[in-house]
Ligand code: COA
Ligand code: HC5
């Protein structure tokens, strides 16, 4: 599904996506600007996503193919590309139409992107689309601790929500440029809705009566919990604790049909089952309460105890899919944009449905929540009687029961197929590359290239997410990390006939090429989303699909055996996602100053891939690259 696009940026780097804390307001003082104007003023000031020049994309596309396709194939593709871009050719026509679309829309790409990458994508959201996020292990190991922490967590989210509602979120920056803040308004009170051919998203935050409740799920049973008092103040953590206790004690039975597991299905199957489910009025009301809620809190049952060494990998699995129907996969509503997960043993994290937003805004919210929960106990509250949280009822017909059984079966196959390895690379973090005047992200990406090459003796199409949030409503483009420079470096690295001074020169070239690609990508000058736009226009206009898009080289370019993403956080979190092709890896990393968290995933059904092997190879590549830098006298770095 990520068969789609790319981008760049300067050495200044991203104001950490959690840059909420470090950035400042762009807007005028509140006294002269109405609160609701702030956001609009900021958004209007953002540039529109450009349409890159056609020739530039064609040229860069050819370069991107070099390390991943054979020479003869490249020659053939060159002919197709020349034909496509020639004066008066179909490429020019599509380019003009794309430029027109760009003039007439706020962002020529974003709506298309949400449709193509998410809502029309029919694989289950679980593993294939929704990322997981693991928080540092919390200091509790029983039900009481679980409830207390969950209560604080709810308070923390409501505290962040106040900033969203008041539009007082500090603007974030990337490379010194302000970023689009729209995604923050899409993550709360929203939900994906399954359809027969494509899904949709509803966002109730913008309704005239925005929701005041969250949904809590415990032992597969859903509850509506009002989190605001009638005067509009949020319930205190103490009050929330009382309410969560009431929820837990009224959902002790475990032999309940796990309706939530339906959301793990392939989207077309779920779309059908959904229509059937909500035929019943009670079911419809219950589903609507979940969809409208601010977010979902999953109070998970205990998972099997594991060694410290295995802990993070198991926690990542719990956040990504819940462990199958025997464990917590039914204790979810995977269509919900934001689900917080609190386990009984201190394992905490989140799972989010990706369509409405990228990782960084979610991580900023979570960083805020974690900081909030670390503050000493908050205000004691007067114990006014609170209404009993309302349990959501479901009438399970034989057909729904059958759908649940199918969903359980498929979820268990999927869960069994996921191979996940989390490592904390503790030898260094951003500090070492920085000391050698190299971009840490580029350094890590080149290490991934080296690790992959060492295992497979070839380079593969590699995807790295690049933020397009410098532009109004911007989402992402692709940084293609496999370049000619990276290929030359990885081939030379273990070659005993090469001098270290040459290797270090090749490393610097590879790192710089990556940083250059990054700079281009984040400024809207990468190739993948542009090519996608041209292709989608041809489809929309019902034109014959240009040959460059049916070419095998294009298919190879989009078969990302390495699907990667840097997602930094202030808190020591592990972010994770699944591979995007059956014989590939998902690699999500969080570079801190002195260590790097990696989550590597692959599928067990593919015999050639093994998450732990790649994780081990990444560790060795990083260490060997550092040794090279440290052993070799500094040349012209
Ligand atoms: N010498 C010394 N320091 C350098 C350097 C160099 N040559 N190049 C960069 N640095 C510094 C930066 O100034 C920055 O410093 P900081 O830690 O004080 O902020 C730091 O190293 C990190 O920079 P770098 O590693 O180059 O990466 P980046 O932060 O610019 O991030 C991307 C690169 C691609 C990850 C980023 O542009 C991006 O797009 N992020 C969003 C990704 C995303 O959305 N992921 C989730 C998708 S759902
Ligand atoms: C909480 C971490 C989320 C990271 C999710 C992510 O990186 O998603 C990518 C989004 C994009 O448009 O590039 C897709 N990817 C997982 C396939 C890399």
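Residue numbers (the working numbering): 549 to 1185.
Every residue gets a Cβ at the ideal spot worked out from N, C-alpha and C, and that includes glycine.
Item to check | residue 668 vs residue 754 beta-carbon contact at 8 Å | outcome: For the purposes of this step, residue 668 is identified with residue 120 of the chain shown, where counting begins at 1. For the purposes of this step, residue 754 is identified with residue 206 of the chain shown, where counting begins at 1. Not a contact, by the Cβ cut-off of 8 Å.
Checklist entry - If you follow the beta strand (DSSP E) that residue 813 is part of, which residue opens it and which one closes it? => result Taking the first residue of the chain shown as position 1, residue 813 is located at position 265. From DSSP, residue 813 is part of no beta strand (DSSP E); its letter is neither H nor E.
Checklist entry - Which ranges does the alpha helix (DSSP H) cover as unbroken runs of at least 4 residues, wholly within the region 1012-1099, from first to last along the chain? => result 1032-1041, 1048-1070, 1076-1088
Checklist entry - Taking the Cβ atom as the reference point for each residue, do residue 1106 and residue 1072 lie within a distance shorter than 8 Å? => result On the chain shown, position 558 is the one that residue 1106 refers to. On the chain shown, position 524 is the one that residue 1072 refers to. Taking 8 Å as the Cβ cut-off, residue 1106 and residue 1072 do not qualify as a contacting pair.
Checklist entry - On the premise that residue 1119 lies in contact with residue 684, defined as a C-beta separation below 8 Å, what is that separation, rounded to the nearest angstrom? => result Reading the chain shown from its first residue, position 136 is the one you call residue 684. Reading the chain shown from its first residue, position 571 is the one you call residue 1119. Right, their Cβ atoms sit about 6 Å apart.
Checklist entry - For the ligand COA, is there a heavy atom less than 7 Å away from the beta-carbon of residue 1045? => result On the chain shown, position 497 is the one that residue 1045 refers to. Short note on residue 1045: C-beta not closer than 7 Å to any heavy atom of the ligand COA.
Item to check | Closer than 7 Å: residue 1119 CB and nearest the ligand HC5 heavy atom | outcome: On the chain shown, position 571 is the one that residue 1119 refers to. It does not: the Cβ of residue 1119 is nowhere closer than 7 Å to a heavy atom of the ligand HC5.
Checklist entry - Per DSSP, what kind of secondary structure is residue 635 in: helix, strand or coil? => result Walking along the chain shown from the start, residue 635 turns up at place 87. In the structure shown, residue 635 sits in coil (DSSP, three-state: anything other than H, G, I, E or B).
Next on the checklist: According to DSSP, is residue 652 part of a helix, a strand, or is it coil?
Outcome noted: Taking the chain shown and counting its residues from 1, one reaches residue 652 at position 104. It is helical.
Next on the checklist: Please return the same chain residues whose Cβ sits closer than 6 Å to the Cβ of residue 587, not counting the five positions on each side in sequence.
Outcome noted: Start at 1 with the first residue of the chain shown, and residue 587 comes out as number 39. If we look at residue 587 and ignore the five residues flanking it on each side, its Cβ neighbours are 715.
Checklist entry - To the nearest whole angstrom, what separates the beta carbons of residue 897 and residue 851, a pair I think is in contact under 8 Å? => result Mapped onto the chain shown, residue 897 falls at position 349. Mapped onto the chain shown, residue 851 falls at position 303. Actually they are not in contact, since the Cβ atoms of residue 897 and residue 851 sit about 12 Å apart, beyond 8 Å.
Item to check | residue 1044 classed as buried or exposed, judged by whether at least 16 other C-beta atoms fall within 10 angstroms | outcome: Position 496 of the chain shown, counting from 1, holds the residue named residue 1044. Exposed, because fewer than 16 other Cβ atoms sit within 10 Å of the Cβ of residue 1044.
Next on the checklist: Taking 7 Å as the cut-off, is the beta-carbon of residue 1024 closer than that to any non-hydrogen atom of the ligand COA?
Outcome noted: Start at 1 with the first residue of the chain shown, and residue 1024 comes out as number 476. Placement of the Cβ of residue 1024 at a distance of less than 7 Å from at least one heavy atom of the ligand COA is found.
Next on the checklist: Just to check my reading of the structure: residue 1127 and residue 1111 have Cβ atoms closer than 8 Å, yes? What is that Cβ distance to the nearest angstrom?
Outcome noted: To locate residue 1127, count along the chain shown from 1; it is residue 579. To locate residue 1111, count along the chain shown from 1; it is residue 563. Contact holds; Cβ gap of about 6 Å.
Next on the checklist: Do residue 1115 and residue 1135 have their beta-carbon atoms positioned less than 8 Å apart in this structure?
Outcome noted: Residue numbering aside, residue 1135 sits at position 587 when the chain shown is read from its first letter. Residue numbering aside, residue 1115 sits at position 567 when the chain shown is read from its first letter. No, the Cβ-Cβ distance between residue 1135 and residue 1115 is not below 8 Å.
Next on the checklist: DSSP three-state label for residue 1161, please.
Outcome noted: In the chain shown, the residue the question calls residue 1161 occupies position 613. Three-state DSSP puts residue 1161 in a helix.
Checklist entry - Would you call residue 988 buried or exposed, if buried means 16 or more other Cβ atoms sit within 10 Å of its Cβ? => result One-based indexing of the chain shown puts residue 988 at position 440. That one is buried.
Checklist entry - What do you get for residue 872, buried or exposed, if any count of 16 or more other CB atoms within 10 angstroms of its CB means buried? => result Locating residue 872 in the chain shown gives position 324, where the first residue counts as 1. Its Cβ being crowded by 16 or more others within 10 Å, residue 872 is buried.
Checklist entry - According to DSSP, what are the bridge partners of residue 1149? => result Residue numbering aside, residue 1149 sits at position 601 when the chain shown is read from its first letter. Answer by DSSP bridge pairing, in chain order: 968, 1134.
Checklist entry - Can the beta-carbon of residue 970 be found closer than 8 Å to that of residue 861? => result Residue numbering aside, residue 970 sits at position 422 when the chain shown is read from its first letter. Residue numbering aside, residue 861 sits at position 313 when the chain shown is read from its first letter. In contact: residue 970 and residue 861 (Cβ atoms closer than 8 Å).
Item to check | Pairwise C-alpha distance: residue 630 and residue 751 | outcome: Working through the chain shown from its first residue, we reach residue 751 at position 203. Working through the chain shown from its first residue, we reach residue 630 at position 82. Roughly 45 Å separates the two Cα atoms.
Checklist entry - Nearest-angstrom Cα distance between residue 1050 and residue 1151? => result Taking the chain shown and counting its residues from 1, one reaches residue 1050 at position 502. Taking the chain shown and counting its residues from 1, one reaches residue 1151 at position 603. For residue 1050 and residue 1151, the distance between alpha carbons rounds to 37 Å.
Next on the checklist: According to DSSP, is residue 801 part of a helix, a strand, or is it coil?
Outcome noted: Within the chain shown, numbered from 1, the residue matching residue 801 stands at position 253. Of the three classes helix, strand and coil, the one that applies to residue 801 here is coil, per DSSP.
Next on the checklist: In the DSSP output, which residue or residues are listed as bridge partners for residue 900?
Outcome noted: Walking along the chain shown from the start, residue 900 turns up at place 352. Answer by DSSP bridge pairing, in chain order: 886.
Checklist entry - Do you know whose CA, among 1031, 1014, 1021, lies nearest residue 1001's CA? => result Sequence index remark: in the chain shown, residue 1001 carries index 453 (1-based). That would be 1031, whose Cα lies nearest to the Cα of residue 1001.
Next on the checklist: With a threshold of 6 Å on Cβ separation, who are the neighbours of residue 1169 within its own chain once the five nearest residues in sequence on each side are excluded?
Outcome noted: Position 621 of the chain shown, counted from the start, is the residue given in the question as residue 1169. Once the five neighbours on either side are set aside, the close Cβ partners of residue 1169 are 995, 998, 999.
Checklist entry - According to DSSP, is residue 708 helix, strand or coil? => result Taking the chain shown and counting its residues from 1, the one referred to as residue 708 is at position 160. Reduced to three states, the DSSP call for residue 708 is helix.
Item to check | Beta-carbon gap between residue 921 and residue 701 smaller than 8 Å | outcome: In the chain shown, the residue the question calls residue 921 occupies position 373. In the chain shown, the residue the question calls residue 701 occupies position 153. In this structure, residue 921 places its C-beta atom within 8 Å of the C-beta atom of residue 701.
Checklist entry - Is it a yes or a no for the region 624-639 touching the region 721-732, going by three-plus beta-carbon pairs under 8 Å? => result no
Checklist entry - Taking DSSP as the reference, what is the three-state secondary structure of residue 1114? => result Taking the first residue of the chain shown as position 1, residue 1114 is located at position 566. It is a strand residue.
Item to check | Cα-Cα separation, residue 839 to residue 616 | outcome: For this step, residue 839 is matched to residue 291 along the chain shown. For this step, residue 616 is matched to residue 68 along the chain shown. Between residue 839 and residue 616, the C-alpha separation is close to 43 Å.
Checklist entry - Where does residue 779 fall in DSSP's three states? => result Counting from 1 along the chain shown, the entry for residue 779 is found at position 231. Correct three-state label for residue 779: coil.
Next on the checklist: Suppose the cutoff is 8 Å on Cβ atoms and the five residues either side in sequence are ignored; what does the same chain contact list for residue 814 look like?
Outcome noted: For the purposes of this step, residue 814 is identified with residue 266 of the chain shown, where counting begins at 1. Counting only Cβ-Cβ distances below 8 Å, and skipping sequence neighbours, we find 670, 671, 672, 958.
Item to check | Euclidean distance between Cα positions of residue 812 and residue 822 | outcome: Looking up residue 812 in the chain shown gives position 264. Looking up residue 822 in the chain shown gives position 274. In a straight line, the C-alpha of residue 812 is about 12 Å away from that of residue 822.
Next on the checklist: Beta-carbon within less than 7 Å of residue 769's beta-carbon, same chain only, minus the 5 sequence neighbours each way: which residues are those?
Outcome noted: In the chain shown, residue 769 corresponds to position 221, counting from 1. If we look at residue 769 and ignore the five residues flanking it on each side, its Cβ neighbours are 799, 804, 939.
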